[in-house]
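Note that the working numbering has the sequence shown beginning at 1, numbered continuously upward.
We put the CB at the ideal spot given by N, CA and C, even for glycine.
Here's the structure we're looking at; comments come further down.
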Amino acid sequence: MRPIALFSLSAMAFLAACATPDPGNDPSGRWVGALVTDQGSCPTERTSTLDIRGRKIVFTPGDGSEVLFGIYQPGVHHYHAELASKDMNGRPTALVFNGYPVGQAIGGTFGSSACRAHITMTRK
């Protein structure tokens, strides 16, 4: 085999190995991004993390102590996680994350009784 052909094949193999899987086909992994407040008071001072492993979805807004859980269904381009909680008056409330693939990223919305925000996350 000629050296130039060998180099070309090696370069193509390297680039294929480095290609990031499309989140619409393979969302597994850790995704990070910053919430952008649309309404209310949201945890925007730190990044938020979405972790998809197997069938488990975990979203941590503002990488704080509240952790939302969900179940991933392969082939479905929607990532949903939630946490049932109580407000300061003891009334039930929910924290909800809804995500979807956007090119090579995952976009989504986060909501609680005190916050509405959107987010774009990249794979780490």
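Checklist line | Spatially closest choice to Phe59 from Glu66, Ser65 and Leu50, by CA coordinates | finding: Counted from its first residue, the sequence shown places residue 59 at position 59. Scanning Glu66, Ser65 and Leu50 for the CA closest to the CA of Phe59 turns up Leu50.
Item checked: Local conformation of Pro101 per DSSP, three classes -> As a working note, residue 101 is residue 101 in the sequence shown. Of the three classes helix, strand and coil, the one that applies to Pro101 here is strand, per DSSP.
Next item on the list: Can you give me the Cβ contacts of Arg116 inside the same chain, cut-off strictly under 7 angstroms, excluding the 5 residues immediately before and after it?
Entry: Position 116 of the sequence shown, counted from the start, is the residue given in the question as residue 116. Taken in chain order, the residues that qualify are Asp38, Gln39 and Gly40.
Next item on the list: Return yes when the Cβ of Arg55 is within less than 8 angstroms of the Cβ of Tyr72, no when it is not.
Entry: Start at 1 with the first residue of the sequence shown, and residue 72 comes out as number 72. Start at 1 with the first residue of the sequence shown, and residue 55 comes out as number 55. Taking 8 angstroms as the Cβ cut-off, Tyr72 and Arg55 qualify as a contacting pair.
Next item on the list: Can you give me the Cβ contacts of Gly33 inside the same chain, cut-off strictly under 7 angstroms, excluding the 5 residues immediately before and after it?
Entry: Reading the sequence shown from its first residue, position 33 is the one you call residue 33. Thr47, Ser48, Ile119, Thr120, Met121 and Thr122.
Notebook entry, point to check: What is the residue span of the beta strand (DSSP E) that Met88 lies within?
Noted result: Sequence index remark: in the sequence shown, residue 88 carries index 88 (1-based). First-last for Met88: undefined, no H or E at that position.
Note to self: Need the endpoints of the beta strand (DSSP E) that Val32 sits in, please.
What the structure shows: In the sequence shown, the residue the question calls residue 32 occupies position 32. Gly29 to Gly33 is the extent of the beta strand (DSSP E) around Val32.
Notebook entry, point to check: Taking the alpha carbon of Lys86 as the point to measure from, which residue in Ile57, Pro61, Gly24 and Ser113 has its own alpha carbon closest?
Noted result: In the sequence shown, residue 86 corresponds to position 86, counting from 1. With respect to the C-alpha of Lys86, the residue from Ile57, Pro61, Gly24 and Ser113 having the closest C-alpha is Ser113.
Item checked: Contact set for Leu95: own chain, Cβ-Cβ below 8 angstroms, skip 5 residues either direction -> In the sequence shown, residue 95 corresponds to position 95, counting from 1. Counting only Cβ-Cβ distances below 8 angstroms, and skipping sequence neighbours, we find Pro61, Glu66, Leu68, Glu82, Leu83, Ser85, Phe110, Gly111 and Ser112.
Checklist line | Outcome for Met88 when other beta-carbon atoms lying within 10 angstroms are tallied against a minimum of 16 | finding: The sequence position of residue 88 within the sequence shown is 88, counting from 1. Exposed is the call here.
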